[in-house]
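The numbering of the sequence shown is the UniProt record's numbering, which starts it at 1 and goes up by one. We put the CB at the ideal spot given by N, CA and C, even for glycine.
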Amino acid sequence: MSSVKVSVVLCTYNGGLYLREQLDSLLNQSFMPYEILIQDDQSTDDTWQIIEEYKILNACIKSHQNSQRLGLNQNFITAFFKASGDYIAISDQDDVWQQDKLDLYVKALHDKDCCFVYSDSFITDSKLTVTGRFAVPDHTLIDLVWMGLAPGHSVLFKKDVLLGLKNLHQIDFIYDWLVGLTALSVGQAKKIDQPATYWRRHDTTVGRQDFKPVEYEYLKPYQLLFRVFKSLLMGKKLKNFSWQYENISLILNNFDNLTRVKAINKFVTYYKQEKPWTMVIACFIYLRLHQHLKIKDWIKSVYVPLHKYYFYKYTGAGLRG
């Protein structure tokens, strides 16, 4: 598939400390990208100077500096539409790619329905010493109402999937979650069986996360019902809950003509309202969406929306702070 045109989209903000290592790893790929598009979000360190230095020496590098700060998500989303390749591989500014990363990803595109490729990553410290492995679980479309499909740095996707978003100007969402949800609405995802990125985690990482499992009290079904519905009856709203699910609904609205998307969007419509009666309806829609499960697991699935709501309420996980 040497004719496949892959644009690497790299967004930067004050990333000068590690940027050279990442640019070197992109330029040393065994499958060379069609272009490396770098969009800088008004860096105040030497990031822009490094970009221009590499651009002079490498014709495949294209650069753009925003006239004003856009923030992480809008920086990536606007950069995607500047890319001229058929596929877009997302790059963080401080990671390092394995030399065969793009080659592995492009080979995974042999399935004509595949429009999204991702993999696990090695977690490293600031010196690229491997400290663990970030494993991305398999997800179906309904799972993406709770979380993104894969971290952006591990993703390659077909650019055309974004053309299905007719209301993009209304959407203010996490860029990699947006891409994953859109891609799975219209096509299939493929996971590479081996880590392909050294994912550097350090104090200055943009959008930094700590990979510590969030612990919260396990509740029996009757306890869960009591606590969630008590909160709903009191009219307490979760911070950013409405924002998250309103954006998910805006994305899914573009594909409401597809039966599987329409059913999930209906679930989101009720779930996002945070009212006792809408929560009951959402739970039974979720149950209906899982009829393929064995009977015991199917019955348990009715509690999943309640567990997620309780998890959000007491941890804030999954919601923008």
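So F134 and W199 are in contact, right, with Cβ under 8 angstroms, and what is the actual spacing, rounded?
Taking the first residue of the sequence shown as position 1, residue 134 is located at position 134. Taking the first residue of the sequence shown as position 1, residue 199 is located at position 199. The pair is a contact, with the Cβ atoms about 6 angstroms apart (cut-off 8 angstroms).
Using DSSP bridges, identify the partner residues of T60.
Here residue 60 corresponds to residue number 60 of the sequence shown, with the count starting at 1. It should be pointed out that residue 60 corresponds to Cys in this sequence rather than to Thr. Beta-bridge pairing links C60 to no other residue.
Quick check: what's the CA-CA separation for S126 versus G132?
Reading the sequence shown from its first residue, position 126 is the one you call residue 126. Reading the sequence shown from its first residue, position 132 is the one you call residue 132. Answer to the nearest angstrom: the Cα atoms are 13 angstroms apart.
For S301, which three-state DSSP category applies?
Translated into the one-based positions of the sequence shown, residue 301 becomes position 301. Correct three-state label for S301: helix.
Anyone know if the C-beta pair for P238 and F267 falls short of 8 angstroms?
By one-based count along the sequence shown, residue 238 stands at place 238. By one-based count along the sequence shown, residue 267 stands at place 267. Correcting the residue identity first, residue 238 is Leu in this sequence and not Pro. No, they are not a contact pair.
Residues bridged to Q39 [DSSP beta-bridge criterion]:
Your numbering for residue 39 matches position 39 in the sequence shown. For Q39, which the question treats as bridged, DSSP gives the partners C11, H64.
Taking C-alpha atoms, which residue in D120, D111, R201 lies nearest to G15?
Here the question's residue 15 lines up with position 15 in the sequence shown. Closest option to G15, Cα to Cα, is R201.
8 angstroms contact criterion, which A183 and A189 should meet: CB distance rounded:
In the sequence shown, counting from the first residue as 1, residue 183 sits at position 183. In the sequence shown, counting from the first residue as 1, residue 189 sits at position 189. Going by Cβ atoms, the distance from A183 to A189 rounds to 6 angstroms, so yes, they are a contact pair.
Please work out which residues of its chain come closer than 7 angstroms, Cβ to Cβ, to L27, disregarding the five sequence neighbours upstream and downstream, and give them in chain order.
For this step, residue 27 is matched to residue 27 along the sequence shown. Only N58 meet the Cβ criterion.
Under DSSP, the beta strand (DSSP E) around W199 begins and ends at which residues?
Position 199 of the sequence shown, counted from the first residue, corresponds to residue 199. Note, W199: beta strand (DSSP E), 197-200.
Just checking, does the region 36-43 make contact with the region 140-148 on the three C-beta pairs under 8 angstroms criterion?
no
Candidates S30, Q223, D120, L149: which alpha carbon is nearest K107's?
Counted from its first residue, the sequence shown places residue 107 at position 107. Nearest C-alpha to K107: S30.
Provide the residue span of the alpha helix (DSSP H) that contains G180, from first to last.
Here residue 180 is taken as the residue at index 180 of the sequence shown, counted from 1. That run of the alpha helix (DSSP H) goes 175-186.
Neighbourhood of H153 by C-beta, 8 angstroms cutoff - its chain only, sequence neighbours within 5 removed:
By one-based count along the sequence shown, residue 153 stands at place 153. I90, S91, D92, D95, S121, T197, W199, listed in sequence order.
Out of F229, Y270, R227, G235, which one is the CA nearest neighbour of I248?
Locating residue 248 in the sequence shown gives position 248, counting from the first residue. Comparing Cα-Cα distances from I248 to each of F229, Y270, R227, G235, the minimum goes to Y270.
Buried or exposed by the 16-neighbour rule on C-beta atoms within 10 Å, applied to S185:
As a working note, residue 185 is residue 185 in the sequence shown. Classification for S185: buried.
Just to confirm the assignment, what range does the beta strand (DSSP E) spanning V130 have?
Taking the sequence shown and counting its residues from 1, one reaches residue 130 at position 130. Note, V130: beta strand (DSSP E), 130-134.
Hey, could you find the ends of the alpha helix (DSSP H) L104 is sitting in?
Locating residue 104 in the sequence shown gives position 104, where the first residue counts as 1. Looking at the DSSP string, the run of the alpha helix (DSSP H) that includes L104 is 101-107.
CB of D250 within 8 angstroms of CB of Q194, strictly
The residue given as residue 250 occupies position 250 in the sequence shown. The residue given as residue 194 occupies position 194 in the sequence shown. According to the sequence provided, residue 250 is Leu. The question's Asp does not apply to it. In this structure, Q194 does not lie closer than 8 angstroms to L250 by Cβ.
Leaving aside the five residues before and after N167 along the sequence, list all residues of the same chain whose C-beta is less than 8 angstroms from its C-beta, in chain order.
Position 167 of the sequence shown, counted from the first residue, corresponds to residue 167. Closer than 8 angstroms at the Cβ level, and outside the excluded window around N167, lie L250, N253, N254.
Candidates L109, Q68, D46, L10, of which the one nearest C60 by Cα
Against the sequence shown, residue 60 aligns to sequence position 60. Nearest of L109, Q68, D46, L10 to C60, Cα basis: L10.
Should the region 44-55 be called in touch with the region 68-78, which here means at least 3 C-beta pairs below 8 angstroms?
no
Strictly by DSSP, which residues pair up with S84?
Here the question's residue 84 lines up with position 84 in the sequence shown. None; S84 has no bridge partner.
Distance between E53 and I174 (C-alpha atoms, nearest Å):
Taking the sequence shown and counting its residues from 1, the one referred to as residue 174 is at position 174. Taking the sequence shown and counting its residues from 1, the one referred to as residue 53 is at position 53. Near 31 angstroms, if we compare the C-alpha coordinates of E53 and I174.
Spell out the partners DSSP gives S25 in its beta bridges.
For the purposes of this step, residue 25 is taken as residue 25 along the sequence shown, with counting starting at 1. According to DSSP, S25 bridges with nothing at all.
Proximity of residue 328 and V136 at Cβ, strictly below 8 angstroms:
For residue 328 there is no data in the structure shown, the boundaries of the chain being 1 and 321.
Where the beta strand (DSSP E) through T124 begins and ends
Residue mapping note: residue 124 aligns to position 124 of the sequence shown, counting from 1. That run of the beta strand (DSSP E) goes 121-124.
May I have the straight-line CA-CA distance separating G148 from V155, to the nearest angstrom?
Along the sequence shown, one-based indexing puts residue 148 at 148. Along the sequence shown, one-based indexing puts residue 155 at 155. About 11 angstroms.
Relative to the alpha-carbon of Y314, which residue among E246, L23, Y218 has its alpha-carbon at the smallest distance?
Looking up residue 314 in the sequence shown gives position 314. The residue with the shortest Cα to Cα distance from Y314 is Y218.
Helix, strand or coil, according to DSSP, for F31 in the structure here?
Here residue 31 is taken as the residue at index 31 of the sequence shown, counted from 1. Here F31 sits in coil by DSSP.
Selected residue, minimal CA-CA separation from I264, among W277, L162, A282, P276
Taking the sequence shown and counting its residues from 1, one reaches residue 264 at position 264. Taking only the C-alpha atoms, the option nearest I264 is A282.
In angstroms with no decimal places, state the Cα-to-Cα distance between E21 and G316.
Start at 1 with the first residue of the sequence shown, and residue 21 comes out as number 21. Start at 1 with the first residue of the sequence shown, and residue 316 comes out as number 316. E21 and G316: Cα-Cα distance of roughly 34 angstroms.
Helix, strand or coil: how does DSSP classify I142 here?
The count along the sequence shown starts at 1 and reaches residue 142 at position 142. Helix.
If you measure between the beta carbons of E35 and S63, is that distance less than 8 angstroms?
To locate residue 35, count along the sequence shown from 1; it is residue 35. To locate residue 63, count along the sequence shown from 1; it is residue 63. It is not a contact, given that the beta carbons lie outside the stated cut-off.
Quick one: what does DSSP say K127 is sitting in, helix, strand or coil?
Along the sequence shown, one-based indexing puts residue 127 at 127. Reduced to three states, the DSSP call for K127 is coil.
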